[in-house]
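Residue numbers (the working numbering), protein chains in the order written: chain Z, 590 to 845; chain A, 609 to 826. For every residue, glycine included, the Cβ atom is placed at its ideal position computed from N, Cα and C.
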């Protein structure tokens, strides 16, 4: 049996998943109780859980798909474990690639790792490379939050605007990437092009229409689901365009 | 004096971060013990040396940039599970907007924590179920020729288009500058990773908004 996908590795993956779920449940229960104390309605709390779960489905499937991209070299289980904990595909690919290169393996992730020592080294590099936030947070987070809290309390309007500005700054980076960023040359559809811009515009238009419907017809129940529904519908538009447009337009990427 | 909710969240967060750190370091240790093989330290260091300067400095920037937006509980949870900018943060923002609560208030803290916890559980379950059940099918779904492939390739424009629409409609005056700046940066450096672009657009957005506020334009 392949050592990369042995029963032990699956057990390890199961243990890590249970740890993450237990930790999330702990924080959720504590926040839920506090929310009730603050007078937040049970409906709002339930809607937050339901819409967040729905919101997560499509990106989580996309993350699952990225597991596959490195599974060829490292098996399914190690990428699964790593993407469950501080996972981010660009980090994991870079870390694994560097670990393999340290063993002078040319081609890196393009080939299956068969040497146990190389596999173990990849696990070390992928883990140690990503743990820095867990060292920083216990030391600095409270100080950062206290400073932000004080600034927010002294001037509420300014603080609200700055919070919105920070969110918009984050969103702007992804919008810019979809409009003008180049992607991986080897992957069709990764760079900015007709499909990325069409999907972006479709998502915006559908979201605005859904918000309009919510307001006009007073459909409060629909509000939490407007965002995930717009996202999934826009992905549907990307699929539809890829089917009906001529092939040369589907792969049109102005930034490569 | 009785501890506030924030004090308690920080106490739980510190314990959970240190526990998570220990659990994560157990992954390579247990793999080495199970395989009965210990890679040469020199090779591991060589691999680490090329990524640590970048990864660890990005970690500092991420903690400072995301912590005020995610809230305390949300930050502790997000940094254990990862995929922050492309999943946990938009999820928290969406939930706070829906519940009509502000970030950096106790209500915002509660809603953001619940949203990020729900998102972390969903992601973990989808990854676990997906790996166990759909491993044989998934490569076919996402492979270049599959009808689903374009949808998965465009998941980020779909996500941020939908999330951005609400914000841009409400705050269009402060949205123009960071978007234009992001596009301009990419015109000259199209290969720039989005993780590097985020601190740039966030800082420009904060500066622009601050100046507009001071000049009473907003």
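Output the distance between the C-alpha atoms of residue i and residue j, rounded to the nearest integer angstrom.
i	j	result
residue 617 of chain A	residue 736 of chain A	28 Å
residue 670 of chain A	residue 689 of chain Z	27 Å
residue 624 of chain Z	residue 719 of chain A	8 Å
residue 828 of chain Z	residue 637 of chain Z	29 Å
residue 607 of chain Z	residue 818 of chain A	44 Å
residue 824 of chain Z	residue 643 of chain A	42 Å
residue 595 of chain Z	residue 738 of chain A	17 Å
residue 646 of chain A	residue 751 of chain A	36 Å
residue 819 of chain Z	residue 799 of chain Z	8 Å
residue 669 of chain Z	residue 603 of chain Z	10 Å
residue 631 of chain Z	residue 707 of chain A	11 Å
residue 783 of chain A	residue 740 of chain A	43 Å
residue 796 of chain Z	residue 826 of chain Z	13 Å
residue 800 of chain A	residue 612 of chain A	42 Å
residue 637 of chain A	residue 652 of chain Z	25 Å
residue 726 of chain A	residue 667 of chain Z	24 Å
residue 729 of chain Z	residue 627 of chain A	17 Å
residue 766 of chain A	residue 613 of chain Z	26 Å
residue 733 of chain A	residue 605 of chain Z	12 Å
residue 750 of chain Z	residue 707 of chain Z	50 Å
Just mark residue i as buried or exposed, buried being the case when its beta carbon has 16 or more other beta carbons within 10 Å.
i	result
residue 780 of chain A	exposed
residue 651 of chain A	buried
residue 810 of chain Z	exposed
residue 640 of chain Z	buried
residue 648 of chain A	exposed
residue 619 of chain A	exposed
residue 668 of chain A	exposed
residue 685 of chain A	buried
residue 777 of chain A	exposed
residue 693 of chain Z	exposed
residue 709 of chain A	buried
residue 630 of chain A	exposed
residue 633 of chain Z	buried
Could you tell me whether the Cβ atoms of residue i and residue j are closer together than 8 Å?
i	j	result
residue 754 of chain Z	residue 814 of chain A	yes
residue 798 of chain A	residue 762 of chain Z	no
residue 752 of chain Z	residue 770 of chain A	no
residue 816 of chain A	residue 792 of chain A	no
residue 700 of chain A	residue 764 of chain Z	no
residue 771 of chain Z	residue 758 of chain Z	no
residue 616 of chain Z	residue 721 of chain A	yes
residue 663 of chain A	residue 715 of chain Z	no
residue 672 of chain Z	residue 625 of chain A	no
residue 645 of chain Z	residue 730 of chain A	yes
residue 767 of chain Z	residue 789 of chain Z	yes
residue 635 of chain A	residue 784 of chain Z	no
residue 693 of chain A	residue 806 of chain A	yes
residue 756 of chain Z	residue 678 of chain A	no
residue 660 of chain Z	residue 702 of chain Z	no
residue 614 of chain A	residue 703 of chain A	no
residue 826 of chain A	residue 820 of chain A	yes
Listing by chain order, which chain Z residues have their CB less than 7 Å from the CB of residue i?
i	result
residue 772 of chain A	760, 764, 793
residue 715 of chain A	627, 629
residue 622 of chain A	727
Along chain A, which residues have their Cβ under 8 Å away from the Cβ of residue i?
i	result
residue 749 of chain Z	710
residue 743 of chain Z	Within 8 Å Cβ-Cβ: nothing; residue 743 of chain Z doesn't reach chain A, min ~12 Å.
residue 646 of chain Z	730, 734
Under 8 Å, Cβ to Cβ, is there at least one residue of chain D near residue i?
i	result
residue 611 of chain A	Judged by its chain identifiers, the structure shown contains no chain D, and its protein chains are Z and A.
Closer than 7 Å by beta-carbon distance: list the chain A residues that pair up with residue i, in chain order.
i	result
residue 768 of chain Z	791
residue 779 of chain Z	761
Mind pulling the chain Z residues with CB within less than 8 Å of residue i?
i	result
residue 654 of chain A	691
residue 701 of chain A	756
For a contact defined as C-beta to C-beta under 9 Å, what are the partners of residue i on chain A?
i	result
residue 664 of chain Z	Chain A residues near residue 664 of chain Z: none, gap ~10 Å exceeds 9 Å.
residue 636 of chain Z	703, 706, 707
residue 813 of chain Z	702, 703, 706, 707
Give me the subset of the stretch 719 to 739 of chain Z whose CB atoms are less than 8 Å from a CB atom of chain A, sorted by chain position.
719, 720, 721, 722, 723, 724, 725, 726, 727, 729, 730, 731, 733, 734, 737, 738
Contact list for the stretch 800 to 815 of chain A against chain Z, Cβ threshold 8 Å:
800, 801, 802, 803, 805, 806, 808, 809, 810, 811, 812, 813, 814
With 7 Å as the C-beta to C-beta threshold (strictly closer), list the residues of the stretch 718 to 747 of chain A near chain Z in chain order.
718, 719, 721, 722, 723, 725, 726, 727, 728, 729, 730, 731, 732, 734, 735, 736, 738, 739, 743, 746, 747
Just by C-beta distance, which residues in the stretch 676 to 698 of chain A are closer than 7 Å to chain Z?
676, 677, 680, 681, 683, 684, 685, 687, 688, 689, 690, 691, 693, 694, 695, 697
Interface positions of the stretch 601 to 623 of chain Z facing chain A (Cβ-Cβ less than 8 Å), listed along the chain
601, 602, 603, 605, 606, 608, 609, 610, 612, 613, 614, 615, 616, 617, 619, 620, 621, 623
With 9 Å as the C-beta to C-beta threshold (strictly closer), list the residues of the stretch 757 to 772 of chain A near chain Z in chain order.
757, 758, 759, 760, 761, 762, 763, 764, 765, 766, 767, 768, 769, 770, 771, 772
Residues in the stretch 705 to 718 of chain Z having any Cβ partner in chain A nearer than 9 Å
705, 706, 707, 708, 709, 710, 711, 712, 713, 714, 715, 716, 717, 718
Residues from the stretch 622 to 636 of chain A in contact with chain Z, defined by Cβ distance under 9 Å:
622, 623, 624, 625, 626, 627, 628, 629, 631, 632, 633, 634, 635, 636
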